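To convert, note that position 330 of the sequence shown is 332 in this note's numbering; the numbers rise steadily by one, no gaps. Think of the CB as a built atom: it goes at the ideal place given N, C-alpha and C, for glycine as much as any other residue. Computed from a prediction, not measured in an experiment: that's the story for all the values here.
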Amino acid sequence: MNDRHHDQRHDIDDLRDLLPAAGPTLPAAPAGLVRWVTDNAARPAPLGPSADPDGPLDDLEPLRDLVGGARVVALGENSHQIREFGLLRHRLLRFLVEELGFTAHAMEYGAAEGRAVDAWVQGGPGDLDGLLAPGGTAGGVHRLGLPAEVRDTLRWQRRHNAGAGRPVRFLGCDIPAAGGSLAPVLDPVAAYLADVDPGALRFLEAAREIAEPIAGGTVMVPAYARLDLAAAEQDRLTTALSRLLGRLTDLREVHTERSGRAAYETALSDVRAAVATDRAQRAMAEALAGAPDAAGFAARERYLADTLLEFLDRSGPGTRVVLIGHNAHIQRSAAGIGGPMEVTTMGSLLARALGADYVPVALTGNGGETVENVPDRDHPAGMRWGRAAVPDAAPDSVEALFADVRDRLALVDARALRAYARRRGLPEPVRTRLDTAFVEVPVLDAFDGVVCVPDTRVGADLLE
Numbered sequence: 003m004n005d006r007h008h009d010q011r012h013d014i015d016d017l018r019d020l021l022p023a024a025g026p027t028l029p030a031a032p033a034g035l036v037r038w039v040t041d042n043a044a045r046p047a048p049l050g051p052s053a054d055p056d057g058p059l060d061d062l063e064p065l066r067d068l069v070g071g072a073r074v075v076a077l078g079e080n081s082h083q084i085r086e087f088g089l090l091r092h093r094l095l096r097f098l099v100e101e102l103g104f105t106a107h108a109m110e111y112g113a114a115e116g117r118a119v120d121a122w123v124q125g126g127p128g129d130l131d132g133l134l135a136p137g138g139t140a141g142g143v144h145r146l147g148l149p150a151e152v153r154d155t156l157r158w159q160r161r162h163n164a165g166a167g168r169p170v171r172f173l174g175c176d177i178p179a180a181g182g183s184l185a186p187v188l189d190p191v192a193a194y195l196a197d198v199d200p201g202a203l204r205f206l207e208a209a210r211e212i213a214e215p216i217a218g219g220t221v222m223v224p225a226y227a228r229l230d231l232a233a234a235e236q237d238r239l240t241t242a243l244s245r246l247l248g249r250l251t252d253l254r255e256v257h258t259e260r261s262g263r264a265a266y267e268t269a270l271s272d273v274r275a276a277v278a279t280d281r282a283q284r285a286m287a288e289a290l291a292g293a294p295d296a297a298g299f300a301a302r303e304r305y306l307a308d309t310l311l312e313f314l315d316r317s318g319p320g321t322r323v324v325l326i327g328h329n330a331h332i333q334r335s336a337a338g339i340g341g342p343m344e345v346t347t348m349g350s351l352l353a354r355a356l357g358a359d360y361v362p363v364a365l366t367g368n369g370g371e372t373v374e375n376v377p378d379r380d381h382p383a384g385m386r387w388g389r390a391a392v393p394d395a396a397p398d399s400v401e402a403l404f405a406d407v408r409d410r411l412a413l414v415d416a417r418a419l420r421a422y423a424r425r426r427g428l429p430e431p432v433r434t435r436l437d438t439a440f441v442e443v444p445v446l447d448a449f450d451g452v453v454c455v456p457d458t459r460v461g462a463d464l465l466e
């Protein structure tokens with residue numbers, strides 16, 4: 003049992019309860035900003051049933067000026083598992099690669115797991131659906147996989163690379179298994195240590211002994227398990243991982259001489275991912291226990307950002323990256339969702355490091371359906387995914403500014419919209435939608451572009 007008494011803990015059934023309660027700050031969207039969006043929005047091709055993601059890209063030319071010479075362009079989504087966001091990002095990625103010469107495709111996906119995906123898009127053997135389709139198990143835990151639309155994009159990338167002078171790399175940036183399991187990083191590290199430093203295996207095995215029984219498909223599974231795991235056991239896991247990281251750091255020269263620099267750096271990154279995952283699991287468990295500490299959630303954001311920045315550092319000149327992730331991760335502002343869950347974001351860290359070379363573009367929607375995530379400790383993934391109607395736009399949200407362009411996609415330059423709002427003294431949007439909730443974000447500072455989709459549908463292979 004946990005060292006804390008259960009009667010002193012108030013477990014949270016729904017993480018949305020931790021969002022700050024606040025009503026709209028405006029009775030209606032500013033008419034001047036609605037008109038500006040209507041008059042100035044670019045209109046990419048629709049994404050209906052007949053949409054061809056591999057068709058012409060002329061309609062995306064406005065993206066050229068928005069991107070400029072940026073080294074990293076982040077393409078977001080306000081909810082995972084949305085068909086139209088996947089199709090749109092497929093087209094945006096193609097434009098950035100085919101027209102602007104981007105050379106890497108990075109994703110909010112496990113860095114360790116991403117190595118197999120990179121090998122596949124470079125022409126390696128294997129079945130993509132077997133590797134990534136949702137369902138089944140991987141390493142003994144429930145596998146989330148990647149949606150059909152994302153897998154189709156990876157198939158395009160493989161076809162593109164087959165005839166490309168400079169193949170497009172794939173890069174996972176995230177902690178393993180969405181924070182649910184250490185196996186994707188500890189397994190390859192174990193194989194590495196068996197050859198390079200067998201004496202360090204005792205730390206790894208001590209970590210495995212505690213981590214494997216509580217593993218699951220997302221961070222929610224071990225977070226729930228930690229509510230009933232003794233604090234001493236959690237500390238033993240943290241200590242084992244800390245000693246493993248210290249061993250690899252302290253013996254850098256020895257390891258590099260024995261394994262080569264590339265193998266050492268991969269192993270070091272995997273151990274860092276394990277340490278970050280432990281912190282992320284602790285942070286989520288604390289939130290579920292009703293005592294969230296925002297700083298704890300920064301571990302995952304830091305790993306996401308550092309993995310990408312390290313890739314840029316070791317890549318050749320001319321490397322440009324398309325980064326796929328949730329709006330909440332890519333936003334430049336660290337203001338996050340406010341309240342006790344407010345957290346530093348990957349985007350804020352990238353913006354600090356890259357300045358104008360980082361361009362985040364939010365994807366959102368104003369109709370149809372979206373995903374509703376409901377924590378459930380009895381579900382194999384620690385949460386249930388449901389379908390919900392997209393709520394009406396809050397009057398002080400960026401979505402409300404697209405009220406008169408509901409007939410098709412609309413892309414706006416948030417920097418130009420911000421400049422117009424400030425010249426005219428008009429109130430800027432202070433919210434954007436995350437799944438079914440509207441959360442506080444200084445949208446026009448957080449993103450350089452915003453795309454609003456008039457109608458969205460949940461992907462066909464959503465695991466419910």
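Spatially closest choice to residue i from the options, by CA coordinates
{"i": "Gly57", "options": "Pro48, Leu65, Pro64", "result": "Pro48"}
{"i": "Ala209", "options": "Ala180, Leu247, Ile177, Tyr226", "result": "Leu247"}
{"i": "Ser52", "options": "Leu62, Ala44, Leu89", "result": "Leu89"}
{"i": "Gln159", "options": "Leu184, Gly126, Pro190", "result": "Gly126"}
{"i": "Arg408", "options": "Asn375, Cys454, Ala242, Asp61", "result": "Cys454"}
{"i": "Glu401", "options": "Pro456, Trp387, Gly78", "result": "Pro456"}
{"i": "Ala353", "options": "Leu413, Gly70, Glu259, Ala307", "result": "Ala307"}
{"i": "Asp61", "options": "Ala412, Thr458, Arg417", "result": "Ala412"}
{"i": "Pro444", "options": "Thr458, Ala106, Ser350", "result": "Ser350"}
{"i": "Thr268", "options": "Pro429, Thr155, Ser183, Glu312", "result": "Glu312"}
{"i": "Arg304", "options": "Arg274, Val376, Ala291, Ala383", "result": "Arg274"}
{"i": "Gly34", "options": "Phe404, Glu442, Arg249", "result": "Phe404"}
{"i": "Ala355", "options": "Val376, Gly78, Leu314", "result": "Leu314"}
{"i": "Ser183", "options": "Gly165, Val345, Pro224", "result": "Pro224"}
{"i": "Asn375", "options": "Asn80, Ala185, Gly70", "result": "Asn80"}
{"i": "Ala395", "options": "Arg263, Thr438, Leu290", "result": "Thr438"}
7 Å Cβ shell around residue i - same chain, five flanking residues per side excluded
{"i": "Asp406", "result": "Val36, Thr40"}
{"i": "Ala462", "result": "Ala150"}
{"i": "Leu239", "result": "Ala209, Ile212, Ala213, Asp280"}
{"i": "Asp398", "result": "Pro26, Thr27, Leu28, Pro431, Val432, Arg433"}
{"i": "Asp359", "result": "Ala72, Arg73, Val74"}
{"i": "Glu235", "result": "Ile212"}
7 Å Cβ cutoff met for residue i and residue j
{"i": "Met286", "j": "Met385", "result": "no"}
{"i": "Ala30", "j": "Ile332", "result": "no"}
{"i": "Arg161", "j": "Leu134", "result": "no"}
{"i": "Ala364", "j": "Phe440", "result": "no"}
{"i": "Tyr266", "j": "Arg379", "result": "no"}
{"i": "Val187", "j": "Ala276", "result": "yes"}
{"i": "Phe172", "j": "Arg322", "result": "no"}
{"i": "Ala108", "j": "Leu270", "result": "no"}
{"i": "Thr309", "j": "Ala118", "result": "no"}
{"i": "Gly167", "j": "Tyr111", "result": "no"}
{"i": "Val468", "j": "Ser261", "result": "Limits of the chain in this structure are 3 at one end and 466 at the other, which puts residue 468 out of reach."}
{"i": "Pro429", "j": "Pro32", "result": "yes"}
Beta-carbon contacts of residue i that lie in its chain and below 8 Å, excluding the five residues immediately before and after
{"i": "Ala282", "result": "Ile177, Gly181, Val221, Gly298, Phe299, Ala301, Arg302"}
{"i": "Asn163", "result": "Val123, Gln124, Gly125, Pro169, Val170"}
{"i": "Leu203", "result": "Ala192, Leu195, Ala196"}
Rounded straight-line distance, which links the Cα of residue j to that of residue i
{"i": "Leu446", "j": "Val452", "result": "9 Å"}
{"i": "Leu253", "j": "Ala421", "result": "52 Å"}
{"i": "Pro136", "j": "Ala192", "result": "27 Å"}
{"i": "Ala121", "j": "Ala330", "result": "29 Å"}
{"i": "Gly338", "j": "Thr347", "result": "At Gly338 the pLDDT is 48, less than 50, meaning the model places this residue with poor confidence; the figure from the coordinates comes in the next sentence. One C-alpha to the other measures close to 7 Å."}
{"i": "Glu272", "j": "Arg45", "result": "Checking the sequence shown, residue 272 turns out to be Asp, not Glu. Answer to the nearest angstrom: the Cα atoms are 42 Å apart."}
{"i": "Gly219", "j": "Leu146", "result": "6 Å"}
{"i": "Leu419", "j": "Leu436", "result": "21 Å"}
{"i": "Gly116", "j": "Gly427", "result": "46 Å"}
{"i": "Arg91", "j": "Ala233", "result": "43 Å"}
{"i": "Val460", "j": "Asp131", "result": "19 Å"}
{"i": "His328", "j": "Pro362", "result": "11 Å"}
{"i": "Phe205", "j": "Ala423", "result": "56 Å"}
{"i": "Thr155", "j": "Ala278", "result": "29 Å"}
{"i": "Gly292", "j": "Leu59", "result": "48 Å"}
{"i": "Gly237", "j": "Gly201", "result": "Note on identity: in this sequence residue 237 is Asp, with Gly being the wrong assignment. One C-alpha to the other measures close to 21 Å."}
{"i": "Thr258", "j": "Arg249", "result": "13 Å"}
{"i": "Arg417", "j": "Gly50", "result": "29 Å"}
{"i": "Ser335", "j": "Gly78", "result": "14 Å"}
{"i": "Ser317", "j": "Arg157", "result": "24 Å"}
Chain-order list of residues whose beta-carbon lies under 6 Å from that of residue i (same chain, five-residue window excluded)
{"i": "Leu464", "result": "Gln83, Trp387"}
{"i": "Arg93", "result": "Pro55"}
{"i": "Val414", "result": "Val39, Ala43, Val452"}
Closer than 7 Å to chain C by CB, residue i
{"i": "Val445", "result": "Included in the structure is just one protein chain, with no chain C present."}
Is it a yes or a no for the stretch 382 to 395 touching the stretch 355 to 374, going by three-plus beta-carbon pairs under 8 Å? yes
Flag this pair as touching only if the stretch 52 to 66 and the stretch 95 to 112 have three or more C-beta atom pairs under 8 Å; answer yes or no. yes
Given 8 Å, three or more beta-carbon pairs between the stretch 371 to 382 and the stretch 76 to 96: yes
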